[in-house]
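Chemist: To start, I am sharing the structure in question, which I have written as structure tokens.
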Amino acid sequence: MKKMKENTSWLRFRIFIVLVSFIFVFIAIFIRAFQLQVLERDKLKALADRAHLKAVSIIPKRGTIYDRGMRELAVSTEVESVYAQPAKIENIKKTSGLLASALSIDRKELESKFTSKKSFVWVKRQLDFAEGEQIQRLNIQGIGFVKEGRRFYPNPQIAGHIIGFVGVDSKGLEGVELEYEEYMAGASARLIGERDAHGNEILFDSTDKDASKGMNLILTIDKTIQYIAEKELFKAVSNNKAKGGMVVVMDPSTGEILAMANAPHFKPNNFYEYSNPSIWRNKVVTDAFEPGSTFKTFLVAAAFEEGVAKPNDLFFCEEGSYGVADRVFHDVKKFGWLSLAQIIKHSSNIGAAKIGNRLGKDRFYRYINDFGFGAKTGIDLPGESSGSIPHLRGWSNVALGNISFGQGISVTGIQLISAFSAIANHGYLMRPYIVKEIVDGNGNIVKEFRPEVIRKVVSEETARKVTAILKEVTKTDGTGIKASIDGFDVAGKTGTAQKPDLFQGGYVSGKYISSFVGFVPADNPELVILVIIDEPSVGEFYGGVVAAPVFKEIATHGLAYRGVFPRGTHDTIKPLQVNLSSIDFREDEHEDFYRMPDLKGKTVRSVLRLAREIPLEVKVFGSGRAAYQRPLPGERITQDTLAEVWFK
């Protein structure tokens, strides 16, 4: 009996030991499972994906860029990109030959790709419509397609420096494409390929469901005013055989940029064809220059605000030659006694130097900074320069005189027009901006940009006094008479600045920057316009001769387009209508060429009718509505050009 009890106790003990062991094992398994499935889940999933999955990024669809009237300036279209899975290609040589011929690719390069151990290789990305159709008809095993976003600029020569462009990876490289990259890029999409135990790809199917198109930008730019500005700038640069130039048009009450043009220009669709990358630079914001006599405007504003001078105060202009320390200041003409108003009207450097001396360097320096010179304006474009204003400690009497008429300092175009707008809008320095709204795919406003006052620079009374003087500049005997517009009062200032020699010091003989900046109508400004012509090389080089007429043409057409007319003509003149579909950036007025119209979505009948009007010979493929064309929209064509249009 006793032995039986001992056996029973021993059995219970063994059962207990086994039970405890099982408990410990289950606890260990639970802890390990928790570690693997919870604590290290992401890490292990990533390791598994690397072992069994291959992800290939595809280019997302960027947001659209619109002008202020919702006209497209940059769009993304879906195009085919072709890839290969080498393991599935039966005849590498034959396949390489067929693809090389269809896509204009080196056959040996394709053979090298197809004989590699990679499970996936790109053949060519972003095919044009004809290439995609041709490859699909070949129906080659191991060759596949995926849709990617391709950037296209429907107006290839409008606002290129503002919009910028994207690279082959669809990332912004210049302009607002770069500045607003985070909003416009869109979420990346991926192709997912699954591998078996031997590393062979067995599935190449899904894309990220969260991939989305980027957000849209609505600019402050008006496409029509931009066209007018570019057309007149290119004409002036050509006529004067100038190195280049720039034009900016601003709404002075808001700081909105309505147009910003650079010459020479480039085509964003073919940006890679330009051997000198400096042509991509938006010089309105990146390049600084000496402003010349346009700077006298701010000298006079400071003198009025400080009460040290009045419009009728007289200054002796030394009959054209005035010595200060070891320097001699000169005027183009010999002037004796001139009132302050006449000094600005006739642009006397000597008179400006004497006004500057009366104002004093401390006060003048303060107003220069208050008008925004020497600091970035904060415009939403990349690469902005702050210009250069010598520190007050370095101002001698000679420096004070030079700066009074716009020498010895450097400013940017965007600084100059912003400061001039502060005179036009009665004293408020506004922050310039180029984007009005950022909008998502559903039309919801994600971010809105509103007019922003940086500071009050001068009083309304001072601004009115300066405006009255600037109006005289464009009247009889004024240096800006060629900027005058019948029926309007124009306020403006000419500038002619000799270019500094950056290597040897001093100034370069025969090289000038000719400028005019003004606003119209003078007493209720609608537009402020800056015109800069860099190194005109034929005829006269004065700003009043070279730049002022450009201002006049842009202002005349711009006002008519916006429905602002000369006094007494409101009932007889209709707003200017500019047909943007027929924009012609003609570099040689004797050349007879056109721009290829955008045929997308048109019927065969509509395309043929339009072709007869140009005239244009059209080769039609398929039926339905136009899906692809060659030449592309906006490309230069001549009469009787052969165009190919594919319909689907």
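In terms of the working numbering, the sequence shown opens at residue 361 and continues consecutively.
Built from N, CA and C at the ideal position, the CB exists for glycine as well.
1. Taking the beta carbon of ILE1093 as the centre, do at least 16 other beta carbons fall within 10 Å, making it buried, or is it exposed?
2. May I ask which residues mark the beginning and end of the beta strand (DSSP E) holding THR856?
3. Could you check the C-alpha separation between ALA507 and TYR634 for me, to the nearest Å?
4. Only counting the same chain, and skipping five residues up and downstream in sequence, which positions put a Cβ closer than 6 Å to that of SER369?
5. Quick check: the Cα distance between ARG392 and VAL385, rounded to an integer number of angstroms?
6. When we look at the beta-carbon of TYR793 and count the other beta-carbons within 10 Å, is it buried (16 or more) or exposed?
7. Helix, strand or coil for THR834, going by three-state DSSP, please let me know.
8. Below 8 Å between beta carbons: does that hold for PHE658 and ALA779?
9. Among ILE704, VAL1005, LEU577, which residue has its Cα nearest to the Cα of ASP837?
10. In the structure shown, what three-state DSSP assignment does GLN989 receive?
11. Count the other CB atoms within 10 Å of the CB of LEU1002; is the residue buried (16 or more) or exposed (fewer)?
12. In this structure, does DSSP put SER875 in helix, strand or coil?
13. So, at 7 Å on beta carbons, what are the nonlocal neighbours of ILE639 in its own chain, with the 5 sequence-adjacent residues on each side left out?
14. Just the Cα atoms here: how many angstroms apart are GLY918 and GLU895?
15. Based on DSSP bridge pairs, tell me the residues matched to THR475.
16. Can you tell me which of the three DSSP states VAL880 falls into?
17. Out of VAL826, LYS835, VAL608, state which residue places its alpha-carbon closest to the alpha-carbon of ASP883.
18. Report the residue ranges of all beta strand (DSSP E) runs contained in full by the segment 637 to 682; include only those spanning at least 3 residues, in chain order.
19. Would you tell me roughly how many angstroms separate the C-alpha atoms of ILE522 and SER472, rounded to the nearest one?
20. Straight-line CA distance for ASN1017 to ASP582?
21. Look at GLY504 and TYR543 and say whether their C-beta atoms are less than 8 Å apart.
22. Which ranges does the alpha helix (DSSP H) cover as unbroken runs of at least 4 residues, wholly within the segment 677 to 747, from first to last along the chain?
23. With a threshold of 16 other CB atoms inside 10 Å of the CB of SER681, please say whether the residue is buried or exposed.
24. Starting from the C-beta of VAL378, find all residues in its chain whose C-beta is less than 7 Å away, skip the five residues before and the five after it, and write them out in chain order.
25. The beta strand (DSSP E) that contains LEU618, what's its start and end?
26. Would VAL891 pass as a contact of ILE845 if the rule is Cβ separation under 8 Å?
27. Buried or exposed: where does GLU900 fall if 16 or more other Cβ atoms within 10 Å of its Cβ makes it buried?
28. Thinking ILE889 and PHE911 are a contact (beta carbons under 8 Å), I'd like their distance in whole angstroms, please.
29. Is ASN499 buried or exposed, if buried means 16 or more other CB atoms sit within 10 Å of its CB?
30. Residues in its own chain within less than 7 Å of PRO926 by CB, not counting five upstream and five downstream?
31. Less than 7 Å between C-beta atoms, sequence neighbours within five positions excluded: which residues of the same chain meet that for ASN762?
32. Under the three-state reduction of DSSP, which class applies to GLU432: helix, strand or coil?
33. Just to confirm, is the Cβ distance from SER1021 to SER707 under 8 Å?
34. Assuming GLY893 contacts VAL609 under a Cβ cut-off of 8 Å, what Cβ separation, rounded to an integer in Å, is found between them?
35. Compute the Euclidean distance between the alpha carbons of GLU951 and GLY604, then round it to the nearest angstrom.
36. Nearest to LYS643 by CA position, among ASN622, LEU992, PRO651, is which residue?
Modeler: Here's the rundown:
1. Here the chain has residues from 361 to 1008 only, and residue 1093 is not among them.
2. Sequence index remark: in the sequence shown, residue 856 carries index 496 (1-based). Element bounds for THR856: 851 to 860.
3. Looking up residue 507 in the sequence shown gives position 147. Looking up residue 634 in the sequence shown gives position 274. Contrary to the premise, residue 507 reads as Lys rather than Ala in this sequence. Each residue's CA atom was taken as its position, placing LYS507 and TYR634 some 28 Å apart.
4. Numbered from its first residue, the sequence shown carries residue 369 at position 9. Taking SER369 as the centre and dropping the five residues before and after it, the same chain places no C-beta closer than 6 Å to its C-beta.
5. On the sequence shown, residue 392 is found 32 positions in, with the first residue counted as 1. On the sequence shown, residue 385 is found 25 positions in, with the first residue counted as 1. Distance from the CA of ARG392 to the CA of VAL385, rounded to the nearest whole angstrom, comes to 10 Å.
6. Along the sequence shown, read from residue 1 onward, the residue named residue 793 stands at position 433. Note on TYR793: 16 or more other CB atoms within 10 angstroms of its CB, so buried under the neighbour-count rule.
7. Reading the sequence shown from its first residue, position 474 is the one you call residue 834. Three-state DSSP puts THR834 in coil, outside helix and strand.
8. Counting from one through the sequence shown, the residue named residue 658 turns up at place 298. Counting from one through the sequence shown, the residue named residue 779 turns up at place 419. Yes, they are a contact pair.
9. Within the sequence shown, the letter at position 477 stands for residue 837. For ASP837, the closest alpha carbon among the candidates ILE704, VAL1005, LEU577 is that of ILE704.
10. Here the question's residue 989 lines up with position 629 in the sequence shown. Collapsing the DSSP output to three states places GLN989 in a strand.
11. On the sequence shown, residue 1002 is found 642 positions in, with the first residue counted as 1. Classification of LEU1002: exposed, given that the 10 Å Cβ count is below 16.
12. Here residue 875 is taken as the residue at index 515 of the sequence shown, counted from 1. Look at SER875 here: in three-state DSSP terms it is strand.
13. Mapped onto the sequence shown, residue 639 falls at position 279. Excluding sequence neighbours, ILE639 sits near PRO624, PHE626.
14. Within the sequence shown, the letter at position 558 stands for residue 918. Within the sequence shown, the letter at position 535 stands for residue 895. So the alpha carbons of these two residues sit roughly 26 Å apart.
15. Translated into positions along the sequence shown, residue 475 becomes position 115. THR475 pairs with nothing; no bridge assigned.
16. Here the question's residue 880 lines up with position 520 in the sequence shown. It is a strand residue.
17. In the sequence shown, the residue the question calls residue 883 occupies position 523. Taking ASP883 as reference, the option from VAL826, LYS835, VAL608 with the minimal CA-CA separation is VAL826.
18. For secondary structure counted as the beta strand (DSSP E) over 3 or more consecutive residues, the segment 637 to 682 holds these complete runs in sequence order: 674 to 676.
19. If you number the sequence shown from 1, residue 522 lands on position 162. If you number the sequence shown from 1, residue 472 lands on position 112. Within the model, the alpha-carbon separation for ILE522 versus SER472 is close to 41 Å.
20. Given that the chain is displayed from residue 361 to residue 1008, the structure contains no residue 1017 and the question cannot be resolved.
21. As a first step, residue 504 is located in the sequence shown; it is residue number 144 there, counting from the start. As a first step, residue 543 is located in the sequence shown; it is residue number 183 there, counting from the start. Taking C-beta atoms as the reference points, GLY504 and TYR543 fail to come closer than 8 Å.
22. For the segment 677 to 747, whole alpha helix (DSSP H) runs of length 4 or above, ordered along the chain, are 700 to 706, 709 to 719, 721 to 730.
23. As a working mapping, residue 681 is identified with position 321 in the sequence shown. Label assigned to SER681: exposed.
24. By 1-based counting over the sequence shown, the position of residue 378 is 18. Excluding sequence neighbours, VAL378 sits near nothing in its chain.
25. Counting from 1 along the sequence shown, the entry for residue 618 is found at position 258. Residues 617 to 623.
26. In the sequence shown, counting from the first residue as 1, residue 891 sits at position 531. In the sequence shown, counting from the first residue as 1, residue 845 sits at position 485. For VAL891 and ILE845, no; Cβs fall outside 8 Å.
27. By 1-based counting over the sequence shown, the position of residue 900 is 540. With a 10 Å radius around the Cβ and a threshold of 16 neighbouring Cβ atoms, GLU900 comes out exposed.
28. Reading the sequence shown from its first residue, position 529 is the one you call residue 889. Reading the sequence shown from its first residue, position 551 is the one you call residue 911. In this structure ILE889 is in contact with PHE911, their Cβ atoms being roughly 5 Å apart against a cut-off of 8 Å.
29. Within the sequence shown, residue 499 is the residue found at index 139, counting from 1. ASN499 should be labelled exposed.
30. As a working mapping, residue 926 is identified with position 566 in the sequence shown. Answer for PRO926: ASP846, GLY847, PHE848, listed in chain order.
31. Residue mapping note: residue 762 aligns to position 402 of the sequence shown, counting from 1. Spatial neighbours of ASN762 in its own chain (CB-CB distance under 7 Å, excluding positions within 5 residues in sequence) are listed in chain order as GLY768.
32. Within the sequence shown, the letter at position 72 stands for residue 432. Note: GLU432 maps to strand in three-state DSSP.
33. Outside the modelled stretch of the chain, which goes from 361 to 1008, sits residue 1021, for which no answer is possible.
34. Here residue 893 corresponds to residue number 533 of the sequence shown, with the count starting at 1. Here residue 609 corresponds to residue number 249 of the sequence shown, with the count starting at 1. Looking at the sequence shown, residue 893 is not Gly but Ile. About 16 Å separates the two Cβ atoms, so there is no contact after all.
35. Here the question's residue 951 lines up with position 591 in the sequence shown. Here the question's residue 604 lines up with position 244 in the sequence shown. With a pLDDT of only 44 at GLU951, under the threshold of 50, the placement of this residue in the model should not be trusted; the figure read from the coordinates follows. Going by C-alpha positions, GLU951 is about 21 Å away from GLY604.
36. Taking the sequence shown and counting its residues from 1, one reaches residue 643 at position 283. Taking the Cα of LYS643 as reference, the smallest distance to any Cα among ASN622, LEU992, PRO651 is reached at ASN622.
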